[in-house]
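From first to last, the protein sequence lines stand for chains A and B. The first sequence begins at 1 in UniProt numbering and counts up one residue at a time. The second sequence begins at 1 in UniProt numbering and counts up one residue at a time. Don't be surprised by glycine CBs; every beta carbon is placed ideally from N, CA and C. Notes follow the structure.
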Amino acid sequence: MEKDRLMEKCKALIIGGSAGSLDVLLKVLPVVRPDISFPIIIVVHRKHGTDSLLPVLLSTRTEMRVKEVDEKEAILAGTIYVAPSDYHLLIEQDQTFSLDYSEKINYSRPAIDATFQTAAEVYRSQLVCLLLSGSNADGVSGLKSVKAWGGTAIIQDPETAQVAYMPAQAKLNVQIDYELSIEAIGDFINLLP
Amino acid sequence: MLEVPVIQDEHVEILLSDLLEQYGYDFTGYSRASLKRRISRLYTLDKALSFAEFRYRISDDQAYFKRFVEQITVNVTEMFRDPSFFRTLREEVLPKLGTYPFIRIWLAGCSTGEEAYSISILLKELNLLHKSLIYATDLNPAVLEKAAQSMFAMSQMKQYSENYILSGGLKDFSSYYTASYSLAKFNEDLKSKIIFSTHNLVSDHSFNEFQLILCRNVLIYFDRDLQHNVLDLFDNSLEGLGYLALGSKETVDFSRIAKRYKRLPGEKIWRKIG
Numbered sequence: 001m002e003k004d005r006l007m008e009k010c011k012a013l014i015i016g017g018s019a020g021s022l023d024v025l026l027k028v029l030p031v032v033r034p035d036i037s038f039p040i041i042i043v044v045h046r047k048h049g050t051d052s053l054l055p056v057l058l059s060t061r062t063e064m065r066v067k068e069v070d071e072k073e074a075i076l077a078g079t080i081y082v083a084p085s086d087y088h089l090l091i092e093q094d095q096t097f098s099l100d101y102s103e104k105i106n107y108s109r110p111a112i113d114a115t116f117q118t119a120a121e122v123y124r125s126q127l128v129c130l131l132l133s134g135s136n137a138d139g140v141s142g143l144k145s146v147k148a149w150g151g152t153a154i155i156q157d158p159e160t161a162q163v164a165y166m167p168a169q170a171k172l173n174v175q176i177d178y179e180l181s182i183e184a185i186g187d188f189i190n191l192l193p
Numbered sequence: 001m002l003e004v005p006v007i008q009d010e011h012v013e014i015l016l017s018d019l020l021e022q023y024g025y026d027f028t029g030y031s032r033a034s035l036k037r038r039i040s041r042l043y044t045l046d047k048a049l050s051f052a053e054f055r056y057r058i059s060d061d062q063a064y065f066k067r068f069v070e071q072i073t074v075n076v077t078e079m080f081r082d083p084s085f086f087r088t089l090r091e092e093v094l095p096k097l098g099t100y101p102f103i104r105i106w107l108a109g110c111s112t113g114e115e116a117y118s119i120s121i122l123l124k125e126l127n128l129l130h131k132s133l134i135y136a137t138d139l140n141p142a143v144l145e146k147a148a149q150s151m152f153a154m155s156q157m158k159q160y161s162e163n164y165i166l167s168g169g170l171k172d173f174s175s176y177y178t179a180s181y182s183l184a185k186f187n188e189d190l191k192s193k194i195i196f197s198t199h200n201l202v203s204d205h206s207f208n209e210f211q212l213i214l215c216r217n218v219l220i221y222f223d224r225d226l227q228h229n230v231l232d233l234f235d236n237s238l239e240g241l242g243y244l245a246l247g248s249k250e251t252v253d254f255s256r257i258a259k260r261y262k263r264l265p266g267e268k269i270w271r272k273i274g
């Protein structure tokens with residue numbers, strides 16, 4: 001699974017997850033060193049109307065700045081951004097966020113696919129996307145785009161996922177670069193150039 | 001959705017300049033990521049053979065051009081979306097406007113009309129509908145035709161009814177429509193004070209003075225410059241002490257009009273104070 005290629009400098013790390021992914025985030029974020037040189041963008045499926053809770057919860061596990069995305073906001077390194085519930089989160093060519101209230105994709109809004117796909121075209125080979133535990137196939141098509149544009153596709157080892165379906169679907173359909181246990185994810189992020 | 005989109009950034013620019021030159025529709029101030037996704041989606045959906053063919057069809061075929069505009073603008077909406085927002089309208093904003101002899105409301109970007117009927121229901125329950133007028137506008141004539149039919153999918157009614165109750169509604173929601181097969185037809189009296197009309201926020205001017213303007217989840221599709229222009233337009237169309245309501249992720253902060261507006265606690269509703 002591990003591959004030998006000189007990885008380009010990471011410009012953005014995007015983490016997508018659904019059922020069972022919150023636990024992973026809560027375990028991984030404390031391990032991530034707060035001085036990383038790229039932004040972490042988190043897109044997780046959750047119930048509409050619980051907007052401010054997730055960023056607050058995540059901010060108790062890290063010294064990095066954690067915030068819910070504001071529309072048209074510039075994407076800055078060293079910040080953890082959380083996609084607002086009930087909007088798709090898109091990345092613009094000028095490396096700002098935009099929001100979109102179009103149809104749900106894979107029954108989801110935000111859809112991981114939408115963020116992965118738009119980011120793939122912006123960051124290309126400098127994008128790293130990680131797909132965590134979940135019970136639907138959102139993110140799989142997005143990871144394909146990431147690969148098509150030269151980025152790096154990572155999944156949580158399905159064996160370690162509370163709900164294996166999402167990373168397992170990615171493994172079946174996409175050429176995955178790395179498959180990581182929960183313990184390995186934090187170390188991997190810290191080693192990203 | 002294709003992994004590598006067939007529509008490239010430069011294709012989007014070409015189409016936008018075609019639309020502007022040929023039809024006078026200006027989408028150049030729209031955020032690109034969303035537009036590009038929707039154009040790519042339509043391209044794939046309609047199985048265009050090449051970009052050249054796609055472009056030609058939009059230019060040459062009036063009916064297809066209509067479809068194009070309909071499909072690249074987002075028309076997803078709900079009744080009583082964000083119930084706490086409608087609760088604030090019900091309990092705070094509309095009762096204040098109720099002291100006026102006549103209430104004029106502008107619902108900009110009304111899409112297929114779900115919000116217009118929601119507001120009409122609020123006004124009716126507050127006993128204000130008879131002295132109100134709701135101008136519901138959209139740039140897209142096709143969605144306005146749909147809105148004027150006052151029929152929505154029956155499958156949505158459970159969700160809408162829940163939203164309605166959460167927003168403070170006390171009636172039986174089903175008393176507002178008649179069900180026939182898969183459609184819920186809303187009562188005629190709700191439509192009697194709604195005027196559906198085309199208006200393009202990019203190019204059209206102010207057309208009246210209002211005490212309440214609602215424009216929710218439209219500004220997110222515009223770039224900063226266009227957002228500021230549209231907020232100026234709203235400012236010019238709003239009476240003193242009138243209210244401006246935006247979507248849950250939209251704001252007047254950072255705009256030229258910000259200093260004249262005071263936000264109501266908890267909601268994306270601003271009152272014009274200056």
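- Put simply, the backbone Cα of A:V69 is about 29 Å away from that of B:R90.
- Rounded to whole angstroms, the gap between the alpha carbons of A:I155 and A:L192 is 15 Å.
- Contact annotation: A:Y178 and A:T152 have beta-carbon atoms nearer than 9 Å.
- The CB of B:D9 comes closer than 9 Å to the CB of Q93, E121 in chain A, given here in chain order.
- Of all C-beta pairs linking the stretch 42-57 of chain B to the stretch 121-132 of chain A, fewer than three are shorter than 8 Å, placing the two stretches out of contact.
- Taking C-beta atoms as the reference points, A:I14 and A:F116 count as a pair closer than 9 Å.
- In the three-state scheme derived from DSSP, where H, G and I count as helix and E and B as strand, B:Q156 is classed as helix.
- Contacts with chain B (Cβ-Cβ distance below 7 Å) from the stretch 170-187 of chain A involve no residue at all.
- Looking only at B:Y23, B:P265, B:G274, B:Y135, the smallest Cα-Cα distance to B:F85 is reached by B:P265.
- Counting only runs of 4 or more residues that sit fully inside the stretch 29-75 of chain A, the alpha helix (DSSP H) segments are 53-59, in chain order.
- Sequence-distant Cβ neighbours of A:L54 in its own chain, meaning closer than 6 Å and more than five residues away, are V82.
- Taking a contact to require three or more Cβ pairs closer than 8 Å, the stretch 127-146 of chain B and the stretch 189-205 of chain B qualify as touching.
- Contact between A:I112 and A:G139 is confirmed by a C-beta separation of about 4 Å, below the 8 Å threshold.
- Excluding its 5 nearest sequence neighbours in each direction, A:E8 has C-beta neighbours in its own chain below 8 Å: S125, Q126, P193, listed in chain order.
- Our two residues, B:D18 and B:S59, have alpha carbons roughly 7 Å apart in a direct line.
- For B:N217, the chain A residues whose C-beta falls within less than 7 Å of its own C-beta are Y101, listed in chain order.
- In this model, B:T99 and B:G109 are separated by some 27 Å (Cα to Cα).
- Using a Cβ-Cβ cut-off of 9 Å, A:D35 does not count as an interface residue toward chain B, since no Cβ of chain B sits closer than that to its own.
- The alpha helix (DSSP H) runs lying completely inside the stretch 66-123 of chain B and spanning 4 residues or more are 83-88, 94-97, given in chain order.
- Sorting B:Q62, B:G29, B:R67, B:Q156 by C-alpha distance to the C-alpha of B:S182 places B:Q156 at the top.
- Around the beta carbon of B:P101, a 10 Å sphere encloses fewer than 16 other beta carbons of the protein chains shown; the residue is thus reported as exposed.
- Residue-level contact by beta carbon fails for B:K185 and chain A, as no gap is shorter than 9 Å.
- For A:Q126, the nearest beta carbon of chain B is not closer than 9 Å to its own beta carbon.
- Within chain B, I220, K249 have C-beta atoms less than 8 Å from the C-beta of A:Y87, given in sequence order.
- Between A:S102 and A:K72, the gap from beta carbon to beta carbon reaches 9 Å or more.
- Under a 10 Å Cβ-count criterion, A:Q93 is classified as exposed, with fewer than 16 other Cβ atoms of the shown protein chains found around its own Cβ.
- Taking a cut-off of 8 Å on C-beta distances, the stretch 84-92 of chain A does not touch the stretch 26-37 of chain A, as fewer than three cross pairs fall below it.
- Against chain A, the CB of B:R224 has a partner CB under 9 Å away; the residue lies at that interface.
- Our two residues, A:H48 and B:T77, have alpha carbons roughly 15 Å apart in a direct line.
- For B:K262, the three-state secondary structure derived from DSSP is strand.
- For B:E239, the enclosing beta strand (DSSP E) covers residues 238-246.
- Within a 10 Å sphere around the beta-carbon of B:R256 sit fewer than 16 other beta-carbons, which makes this residue exposed.
- In this chain, the beta strand (DSSP E) harbouring B:R271 covers 269-272.
- Short of 7 Å from the beta carbon of A:L143, and not among the five residues preceding or following it, lie these beta carbons of its own chain, in chain order: F116, C129, L131, A153, A170, V174.
- In this structure B:Q22 is exposed. Its beta-carbon is surrounded by fewer than 16 other beta-carbon atoms within 10 angstroms.
- For B:V93, the closest C-alpha among the options B:L233, B:N229, B:Q211 is that of B:Q211.
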